[in-house]
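Residue numbers (mature numbering (1 follows the signal peptide of the UniProt record, and there is no 0)): -21 to -1, 1 to 564. Ideal Cβ positions, reconstructed from N, Cα and C, are used throughout, including at glycine.
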């Protein structure tokens, strides 16, 4: 097979996206052609919007409709056609690449048309805002029933209506979002290079550059905020991607000379390969060969694939991870098969009638359990024969249940305020030494739970600042002095609702158990993917939940241990269970 034929075949293997062309007609897109893109979600057809120029003597409504349709024309990456709907002054000011795109179920209609001799006109944008996408590609859902308050001003130039004041960013319909963006996961190492952290963003389709190249170029630009404060990027500053091609069943990525700097730093090079292999696995699972300026990587070439870097998994646990539970006051491990008998863990936590609650388990560098005990504080015990409880965190105020990170540190939040003036102080502890952590956003709220994700960077927080309990996602910054920041609301407050429990299922999925009017509900949120959460049923009142990739455990009101299958709960132990947990999370 010739080099050219290998290259073309490789484009199919790399998930090349085929086109479906639509042409706006009076501002409304119409499909005119379609090609099959295969079964891979990243290879599905995308809709190519061909933007059309303003029609002569178009009405203000037609101008705005045409402008919106042209904004969705991602083949026209510079929005040349869209700018023709603007006045020269508006063209000079409009830079949608630096503003949030707004996803809106919007309608462009006018209750009254302008007078024939009018030279100015304002058209309201009616409809509900659904989400925004920031310039880094992060999707931000907007609360329900948020009506658009945008207005578009038009003036008449040389007898033709043109827009004089446009929205700062792209204004897209829901169909435009699915047509023009792909949801992708980028991977960046934590500051200790222990594992990878997922950064989920929306990547605009660029038919000229192609999806594989766009994906890696976005990876090189670095992580999005606020995650950027908690991770690193191993690619040397200024590294550029020249091209991606397929040769002899391998994906060849050619980078600029800056990448060769990593040849002198084997540890950084190893992390970079993991970062690249995990990110590109969304496109193809072939081996990757890295070249620099068309030449083999210094030191004898560079060939690798994702299977070599399973230890960097940001989910932190394998799909077959076993859960733990507290039964009659002792910590037990789930049996691997239905014929095995449950066994208590070694050490003091596995002894009967232990007075502890809300346990959390660490697996590295030691297997340890942390818990609340009657004596105030966070207590820790090794899961080895003969171990004893040791107090790692001592505090005057109420402490949240403990949470381990992947580095062997246990976290908890102390209540430092009152019901009228709530406050919180974050603690982390290692080997019995507790250190306060700066968390300015939590200093004046009541914190009910603080759960560190298994990636060691993100944290989920149940807090109440006076408007009711909410769930927020934050970032742990470990460079220099530790701090917790970048809080963003995942589940906003709702009158009469209580957040009962939260649990990380994987690096980007959080399970939230809530209750309102004595009715419980369970929701599984993608913390950055957007869209509505999954809602598994809750057939009995639940007091404790835990999760792992592909799994959930719960304790119901009867003290029964419940396991979630694909569609329903199953009871494995009928009574005596008080808490459930998976390692970390």
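Test item: CB-CB of residue i and residue j under 9 Å
| i | j | result |
| --- | --- | --- |
| residue 262 | residue 191 | yes |
| residue 304 | residue 454 | no |
| residue 432 | residue 462 | no |
| residue 538 | residue 482 | no |
| residue 300 | residue 561 | yes |
| residue 420 | residue 464 | yes |
| residue 357 | residue 391 | yes |
| residue 396 | residue 425 | yes |
| residue 33 | residue 45 | yes |
| residue 176 | residue 297 | no |
| residue 253 | residue 267 | no |
| residue 372 | residue 406 | yes |
| residue 366 | residue 326 | yes |
| residue 351 | residue 381 | yes |
| residue 506 | residue 457 | no |
Closest by C-alpha distance to residue i, when choosing among the options
| i | options | result |
| --- | --- | --- |
| residue 477 | 311, 501 and 464 | 501 |
| residue 211 | 200, 62 and 82 | 200 |
| residue 285 | 184, 166 and 379 | 166 |
| residue 128 | 134, 74 and 86 | 86 |
| residue 215 | 198, 178 and 366 | 198 |
| residue 540 | 321, 473 and 44 | 321 |
| residue 156 | 519, 416, 552 and 112 | 112 |
| residue 511 | 110, 33, 52 and 456 | 110 |
| residue 491 | 475, 518, 445 and 439 | 439 |
| residue 387 | 179, 238, 401 and 413 | 413 |
| residue 394 | 410, 415, 437 and 383 | 415 |
| residue 617 | 384, 307, 141 and 246 | As displayed, the chain neither begins before -21 nor continues past 564, which places residue 617 out of reach and without an answer. |
| residue 474 | 280, 443 and 52 | 443 |
| residue 41 | 142, 94 and 333 | 142 |
| residue 574 | 179, 250, 70 and 291 | The requested residue 574 does not occur in the structure, where the chain is confined to residues -21 to 564. |
| residue 72 | 144, 80 and 445 | 144 |
| residue 277 | 295, 234, 319 and 94 | 234 |
Whole-angstrom distance between residue j and residue i, CA atom to CA atom
| i | j | result |
| --- | --- | --- |
| residue 114 | residue 374 | 43 Å |
| residue 450 | residue 487 | 14 Å |
| residue -8 | residue 161 | At residue -8 the pLDDT is 41, less than 50, meaning the model places this residue with poor confidence; the figure from the coordinates comes in the next sentence. Going from the Cα of residue -8 to the Cα of residue 161 covers about 15 Å. |
| residue 221 | residue 58 | 25 Å |
| residue 21 | residue 118 | Caution is warranted here: a pLDDT of 34 is assigned to residue 21, below 50, making its placement in the model unreliable, and the coordinate value is therefore given only provisionally. Their Cα atoms are separated by approximately 18 Å. |
| residue 102 | residue 469 | 33 Å |
| residue 565 | residue 92 | There is no way to answer for residue 565, as the model of the chain reaches only from -21 to 564. |
| residue 485 | residue 527 | 6 Å |
| residue 328 | residue 312 | 11 Å |
| residue 241 | residue 202 | 20 Å |
| residue 399 | residue 244 | 54 Å |
| residue 61 | residue 195 | 28 Å |
| residue 8 | residue 48 | Note that residue 8 scores 42 on pLDDT, short of 50, meaning its location in the model is unreliable and no value can be drawn from it. |
| residue 219 | residue 149 | 27 Å |
| residue 349 | residue 226 | 52 Å |
| residue 345 | residue 532 | 24 Å |
| residue 246 | residue 489 | 32 Å |
| residue 99 | residue 132 | 7 Å |
| residue 31 | residue 188 | 22 Å |
| residue 106 | residue 84 | 5 Å |
| residue 1 | residue 401 | Residue placement at residue 1 is poorly supported in this model, since its pLDDT is 46, which falls under 50; the coordinates still yield a value, given next. Answer to the nearest angstrom: the Cα atoms are 56 Å apart. |
| residue 338 | residue 558 | 8 Å |
| residue 238 | residue 224 | 18 Å |
| residue 258 | residue 137 | 52 Å |
| residue 182 | residue 287 | 27 Å |
| residue 89 | residue 548 | 53 Å |
Span of the alpha helix (DSSP H) around residue i
| i | result |
| --- | --- |
| residue 259 | 245 to 259 |
| residue 584 | Residue numbering for the chain in the displayed model covers -21 to 564; residue 584 lies beyond these limits and cannot be assessed. |
| residue 159 | 153 to 159 |
| residue 200 | 190 to 200 |
The beta strand (DSSP E) enclosing residue i, as first and last residue numbers
| i | result |
| --- | --- |
| residue 184 | Looking at the DSSP string, residue 184 is not in any beta strand (DSSP E), and its letter there is neither H nor E. |
| residue 442 | 437 to 443 |
| residue 220 | 220 to 226 |
| residue 210 | Counting along the chain, residue 210 falls outside any beta strand (DSSP E), and DSSP gives it neither H nor E. |
| residue 33 | No beta strand (DSSP E) holds residue 33; DSSP gives it neither H nor E. |
| residue 550 | 548 to 552 |
| residue 130 | 130 to 136 |
| residue 120 | 118 to 120 |
| residue 204 | That residue, residue 204, is in no beta strand (DSSP E); it is neither H nor E in DSSP. |
| residue 350 | 347 to 351 |
Residue i: CB within 8 Å of a non-hydrogen atom of the ligand MG
| i | result |
| --- | --- |
| residue 29 | Annotation note on the ligand MG: not contained in the displayed structure, which lists no ligands. |
Discussion item. Suppose only complete runs of 4+ residues qualify. What are the alpha helix (DSSP H) ranges in the region 364 to 419, listed by chain order?
Written reply: none
Worksheet item: Curious, which full-length beta strand (DSSP E) runs of at least 3 residues does the region 508 to 538 contain?
Response: 521 to 527 and 530 to 535
Discussion item. Which complete alpha helix (DSSP H) runs does the region 35 to 116 hold, if anything under 4 residues is left out?
Written reply: 39 to 50, 59 to 62 and 67 to 72
Item to complete: Give, in chain order, every unbroken run of the beta strand (DSSP E) that is at least 3 residues long and sits entirely within the region 437 to 512.
Response: 437 to 443, 448 to 456, 462 to 470, 476 to 485, 488 to 495 and 498 to 505
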